[in-house]
Amino acid sequence: HAKADGRKRERFFAGEMEVQMQLRHALEADLRAAVENEEFELHYQPLYDLRQRRICGFEALIRWNHPIRGRVPPMDFIPLAEEVGLIVDIGRWVLRRACSDAAQWPEGIKVAVNVSAIQFSGSDLTKDVGEALAAAALSPSRFELEITESVLMENLDEVLPILHALKERGIRISMDDFGTGYSSLSYLSSFPFDKIKIDKSFVNDIADNKEAHAIMHAIILLGDALGMRVTVEGVETAEQLALLECEECDEIQGYHISPPRPVRDVPHLLALPPKNGGVTRLPKTRR
Ligand code: C2E
Ligand code: MG
Ligand code: MG
Ligand code: MG
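See below:
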């Protein structure tokens, strides 16, 4: 019995796998068409400066409006786009659109763009970023590049010179999702990041759990000690904001300020009243 059941299960899994493969192929074909049909859109989420109590920039987050499936989240197509190399074209589109959108915003409002490891190896990222900035006449000082640890893991020797070249041109580099990888700490010493973005998984319990708060406190101090700007991602409540106001945290991002919104909502977001947790902070003049 057990043996027959096992075989049945194997056949079931084989069938399941085939369905998965077919879905993947369909998605890949759609993804190729999406580049040409301009089915992508950028949404923007505020980066909120805790000291100045105002929005100081926006992170560009890609959205795919599939004609049949509707909105496909980035996590459901970015990995596939990376695997089949389409991320290079999509990434170029993101760079251009983000720069031309940001050029319409007030001076001093920055734009942050996420890039994949493939964009470092499969294309000339320095050139692509330079062209996007030039086409929009956007100052490099208003542009931030967000990379995750996986970008560095992929090929440190190839990536580091590119990061240095970008930095020499006045572009800021942020370490995204900090704390989620295997060796986050060692990567911090491999490149002088301008900013670390502490992953949202660390903020969840800070209001209710002493240990979670202690870990957050320590990571913020680490980033600050290394002279980096520190952003906390995934801030969802007023309590979390109030706690972070007591830390050396520079910037927050999260649903409590605003979820990512279409570009037409940017003026409205910039006009919102300041949010604070009621903590009076001493201004820091270092940055
Ligand atoms: P990320 O760069 O870490 O972006 C932050 C993600 O957290 C976004 O998810 C955002 O919507 C979400 N988020 C923001 N505030 C909160 C909050 O308060 N609570 C919770 N639970 N989530 C929050 P999204 O837009 O689904 O993007 C997911 C990931 O996809 C991004 O993570 C980034 O790694 C990748 N991605 C997005 N756009 C691009 C792109 O243009 N190029 C590349 N290569 N990757 C992208
Ligand atoms: Mg990011
Ligand atoms: Mg992140
Ligand atoms: Mg993330």
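The sequence shown runs 95 to 381 under the numbering used here.
Glycine included, each C-beta is placed from N, C-alpha and C at the ideal position.
> Taking the alpha carbon of His362 as the point to measure from, which residue in Met322, Pro234, Val245 and Tyr138 has its own alpha carbon closest?
Replying inline: Tyr138
>> Quick check for students: name the residue ranges of the beta strand (DSSP E) that lie wholly in the stretch 260–343, counting only runs of 3 or more.
In response: 266–272, 289–292 and 323–326
> Unbroken alpha helix (DSSP H) runs of length 4 or more, entirely within the stretch 125–202: which are they?
Replying inline: 168–177 and 181–196
> When you compare only the Cα positions, how much space is there between Asp271 and Gln334?
Replying inline: 18 Å
>> Quick check on the DSSP output: the alpha helix (DSSP H) that includes Leu227 runs from which residue to which?
In response: Leu219 to Ala230
>> Using a Cβ-based criterion (distance less than 8 Å to any ligand heavy atom), does Lys291 qualify as near ligand 2?
In response: yes
> Starting from Ile241 and walking both ways along the beta strand (DSSP E), at which residues does that stretch end?
Replying inline: Phe237 to Ile241
> Is any heavy atom of ligand 3 found at a distance shorter than 8 Å from the C-beta of Glu240?
Replying inline: yes
>> Taking 8 Å as the cut-off, is the beta-carbon of Glu345 closer than that to any non-hydrogen atom of ligand 3?
In response: no
> Just to check, is the beta-carbon of Pro168 closer than 8 Å to a non-hydrogen atom of ligand 1?
Replying inline: yes
> Can the beta-carbon of Gly328 be found closer than 9 Å to that of Asp302?
Replying inline: no
>> In the DSSP output, which residue or residues are listed as bridge partners for Ala123?
In response: In the DSSP output, where bridge partners are listed per residue, Ala123 has none listed.
> Around the Cβ of Ile162, are there at least 16 other Cβ atoms within 10 angstroms (buried) or fewer (exposed)?
Replying inline: exposed
>> Looking at the strands, I want to know which residues DSSP matches up with Asn208.
In response: Glu240
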